[in-house]
Amino acid sequence: QNLYPLFLNSTEKEICATLGLKYDNKIAARYDEAVLNVKKASDNWSCQWNQFSTWDKNDFEKDDFKGRRLFQKFIPIELSDYKDSTVVIWCGGSGREAYHVSKNDTKLIIVNDIGDQIYRIAGLINPSIGMLLLRCDILNHPLMKGFADISICDHALHHIKESALGFKVVTE
């Protein structure tokens, strides 16, 4: 709750105002260094994905590191295991993992990322597929343990200060 205003971008703040949601802007004075470092990381990821790596569906269809063949090599889960499952994709970045998972008749795809580029992912996925985008720190998320059938984090844990805790989140 205390992180609420710090991590909101201007569009998110406008949506909150439209919905009548209020938050305390003065709370920022009480943030400790660790929280401010997470905010810096969030801004960095948003910049990287929104300005430099603006991939789309066409990029994910190419036979390179963004394509399906290498996704399946990096994430060696049987395609049949995705059917009717709930999949959580941690640190979902540009949506590469969500895009490829969405081709496998999943029940629900939940994508977590700290950066605001997460909202672009909705445009990559067929709207008939259940999707939830969670913009939050992997170490501070609202999901209950055991909620997912499949949990994926593709080479992102080394970017988290407490990577062992991140690994615990992914495996629970």
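Position 153 of the sequence shown, counted from 1, bears residue number 153 in my numbering, the numbering being contiguous throughout.
Cβ atoms here follow ideal geometry from the backbone N, Cα and C, with glycine treated the same way.
As DSSP reads the structure, Ser151 sits in a beta bridge with Val88.
Look at Ile110 here: in three-state DSSP terms it is strand.
Shown here, Leu134 sits in a strand according to DSSP, grouped into three states. Boundaries of the alpha helix (DSSP H) around Lys40: 33 to 47. Using a Cβ distance threshold of 8 Å, Ile152 and Cys136 do not count as a contacting pair. In this structure, the beta-carbon distance from Asp154 to Ile77 does not fall below 8 Å.
Comparing C-alpha distances from Lys66 to each of Asp105, Asn112, Arg96 shows the shortest one belongs to Arg96. Fewer than three pairs of CB atoms, one per stretch, sit closer than 8 Å, so the region 131 to 146 makes no contact with the region 52 to 66.
Between Leu139 and Glu162, the CB-CB gap stays under 8 Å. Ile129 sits away from Val87, with the two beta carbons spaced by 8 Å or more.
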